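In terms of the numbering used here, the sequence shown opens at residue 8 and continues consecutively.
Worksheet: the structure to be examined is printed underneath.
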Amino acid sequence: METKLLEPNRENIETAAEIIRRGGLVAFPTETVYGLGADAFNATAVSAVYAAKGRPSDNPLIVHIADSAELARLTPVVTDVMKRLADRFWPGPLTMVVKRLPNVPDVTTGGLETVAVRLPDNEATRALIAVSGCPLVGPSANLSGKPSPTKAQHVVDDLYGKIDAVLMGDDCRVGIESTVLDVSTGTDTLTILRPGIITPEQIEAAVGLPVRFDPALTKIKAVVHTESSHTQQQIKKNSDVTEMAGHTGSAHTQERAIKSDEGIGLAGHTEDVHTQRASADILRKKERANVAEAAGSAVRTLLEDGWDADFKPKAPGMKYKHYAPDADMLIVEGEPDDVRREIAKRKAEQEAAGKKVGVIFFDNNFELAAHELFDKLREMDKAGVDLILAGGLPESDSRGFAVMNRMLKSAGYNIVKTRK
Ligand code: TXA
Ligand code: MG
8 METKLLEPNR ENIETAAEII RRGGLVAFPT ETVYGLGADA FNATAVSAVY AAKGRPSDNP
68 LIVHIADSAE LARLTPVVTD VMKRLADRFW PGPLTMVVKR LPNVPDVTTG GLETVAVRLP
128 DNEATRALIA VSGCPLVGPS ANLSGKPSPT KAQHVVDDLY GKIDAVLMGD DCRVGIESTV
188 LDVSTGTDTL TILRPGIITP EQIEAAVGLP VRFDPALTKI KAVVHTESSH TQQQIKKNSD
248 VTEMAGHTGS AHTQERAIKS DEGIGLAGHT EDVHTQRASA DILRKKERAN VAEAAGSAVR
308 TLLEDGWDAD FKPKAPGMKY KHYAPDADML IVEGEPDDVR REIAKRKAEQ EAAGKKVGVI
368 FFDNNFELAA HELFDKLREM DKAGVDLILA GGLPESDSRG FAVMNRMLKS AGYNIVKTRK
């Protein structure tokens, strides 16, 4: 299939809308990331979206509307809370999960009784929706597993030949996907299913109700971090080799702990070996792929079987492997100055060993980090980098937490912490 690359002018928007109306696929710009559009009410078209992306079919799509009034076409009751959220945040990077009307096809909602809805802050895309005359599904317009596209060129790189057209708009302002908020439960607490640039604090201020993160989001982190610091203590006790407490493949440790009941101490021992080798040399590509695979499968084990029910995320998409660059990736956490120093040291070591190293460091600038993360990951793959060293952001800040949610997945939960 030849993919039309369309400047988002009036005439081309008509052309794109015509493609949508006859069941085709058109990628569109938004303020967060590019989306892959199809008529949300056309089950065949929506199935083609999953196929083009290579996306698992139990992962529901966000439905994009051009005007708040269209919520009523998708959900039985537009509550007061929904109205207040729409007034305050739409158009903008907030997605509301609401009860669905039966006319929304199963394939759009992944069979759930809820539907995710958002009103994007992009004029051309709202015009596309309006002219098409139907709401559009819009998963991020990347191949499943790749970083989300924040530039039109990213969409072309991933989906050229697989979709009918791309509206070639500007680079995305925000750069990470929308905050997904569950307002479907009828309780007084709202739950963030996917963190984004709109924070729980902002939502609380707008609606006057408490907002929490889906426990699955924070629990995975808690496990990774607890094990990470435990491993560091082990290393400190057992070894003078590593100058800095390091940690690789924490989820691997989790899997061992879960599967064999060996306990964390023993698993930590395994990690020492990795860490020492990692500090002297990068684990070879194949080994690292295994570690990443083990990390991914351990997280999946946690999510699917669960240590407790809280581990199961309510947004099905949060459980899949995401944003993975081709290169190995390591996150360095700590105070910015320590992180900068540690990254410089590791970079020099690896370059001396003949490796091509890319660095991602945002100096705790959260907006910049959100804006650039996915683009940097793609750039580094294009440049054929062997190892990406990335500075972590403090997760005490809700925007830092949102960026780290993506960064940690990109790195397969591969973290080291600088030590005072
Ligand atoms: O910023 C964004 O939201 C972008 C742009 C294009 O709008 N779209 C996007 O879509 O990120 P996607 O499909 O890549 O991510 C949708 C997320 C997934 O994690 C999915 O599981 C979750 O939203 N989701 C969708 N419908 C849901 C529902 N009914 N209940 C819970 N989670 C849902
Ligand atoms: Mg996505």
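Note that CB positions come from ideal geometry on N, CA and C, so glycine has one too.
The structure displayed is predicted, hence computed values, not measured ones.
Open item on the list: Below 8 Å, is the gap between the Cβ of Pro142 and the nearest heavy atom of ligand 2?
Closed with: Indexing the sequence shown from 1 puts residue 142 at position 135. No - ligand 2 has no heavy atom lying nearer than 8 Å to the Cβ of Pro142.
Open item on the list: Can you give me the C-alpha to C-alpha distance between Asn412 and Pro202, rounded to a whole angstrom?
Closed with: For the purposes of this step, residue 412 is taken as residue 405 along the sequence shown, with counting starting at 1. For the purposes of this step, residue 202 is taken as residue 195 along the sequence shown, with counting starting at 1. Each residue's Cα considered, the two are about 7 Å apart.
Task: alpha helix (DSSP H) segment containing Phe408, residue limits - done: Here the question's residue 408 lines up with position 401 in the sequence shown. Taken as a continuous stretch (DSSP letters only), the alpha helix (DSSP H) holding Phe408 covers Ser405 to Ser417.
Task: Beta-bridge partners of Phe35, as assigned by DSSP - done: Counting from one through the sequence shown, the residue named residue 35 turns up at place 28. For Phe35, which the question treats as bridged, DSSP gives the partners Gly42.
TODO: Look at the alpha carbon of Ile338 and the alpha carbon of Glu356, and state the distance between them as a whole number of angstroms.
DONE: Taking the first residue of the sequence shown as position 1, residue 338 is located at position 331. Taking the first residue of the sequence shown as position 1, residue 356 is located at position 349. About 16 Å.
Task: Exposure label - Ser405; buried when at least 16 CB within 10 Å - done: Residue numbering aside, residue 405 sits at position 398 when the sequence shown is read from its first letter. With 16 or more Cβ atoms within 10 Å of its Cβ, Ser405 is classed as buried.
Open item on the list: Under 8 Å: does the beta carbon of Asn149 sit that close to some heavy atom of ligand 2?
Closed with: Within the sequence shown, the letter at position 142 stands for residue 149. It does: the Cβ of Asn149 is within 8 Å (strictly closer) of some heavy atom of ligand 2.
Task: Under the three-state DSSP convention, the category His254 falls into - done: The residue given as residue 254 occupies position 247 in the sequence shown. Note that His254 scores a pLDDT of 34, beneath 50, so its modelled location is shaky; the value from the coordinates is reported in the next line. Coil.
Open item on the list: Given this structure, state the Cα-to-Cα distance separating Thr194 from Ala93, to the nearest angstrom.
Closed with: Translated into the one-based positions of the sequence shown, residue 194 becomes position 187. Translated into the one-based positions of the sequence shown, residue 93 becomes position 86. Put simply, the backbone Cα of Thr194 is about 18 Å away from that of Ala93.
Task: Sufficient close CB pairs (3 or more, under 8 Å) joining the region 38-55 to the region 66-84 - done: yes
TODO: Leaving out five residues on either side along the sequence, give the residues of the same chain with a beta carbon under 7 Å from the beta carbon of Glu211.
DONE: Along the sequence shown, one-based indexing puts residue 211 at 204. The answer, listed in chain order, is Pro217 and Val218.
Open item on the list: Tell me the rounded alpha-carbon separation between Pro100 and Leu394.
Closed with: Here residue 100 is taken as the residue at index 93 of the sequence shown, counted from 1. Here residue 394 is taken as the residue at index 387 of the sequence shown, counted from 1. Between Pro100 and Leu394, the C-alpha separation is close to 32 Å.
Task: Closest residue to Thr157 among Leu81, Arg180 and Cys141 (Cα-Cα distance) - done: Numbered from 1 along the sequence shown, position 150 holds the residue referred to as residue 157. The option with the nearest alpha carbon to Thr157 is Arg180.
- [ ] Report yes or no: do the region 12-21 and the region 168-188 share at least 3 C-beta pairs separated by less than 8 Å?
- [x] yes
- [ ] Indicate, with yes or no, if ligand 1 has a heavy atom lying under 8 Å from the CB of Pro67.
- [x] As a first step, residue 67 is located in the sequence shown; it is residue number 60 there, counting from the start. Correct: Pro67 has its Cβ closer than 8 Å to ligand 1.
- [ ] Return yes when the Cβ of Val410 is within less than 9 Å of the Cβ of Leu380, no when it is not.
- [x] Translated into the one-based positions of the sequence shown, residue 380 becomes position 373. Translated into the one-based positions of the sequence shown, residue 410 becomes position 403. Against a cut-off of 9 Å, the Cβ pair of Val410 and Leu380 comes out as a contact.
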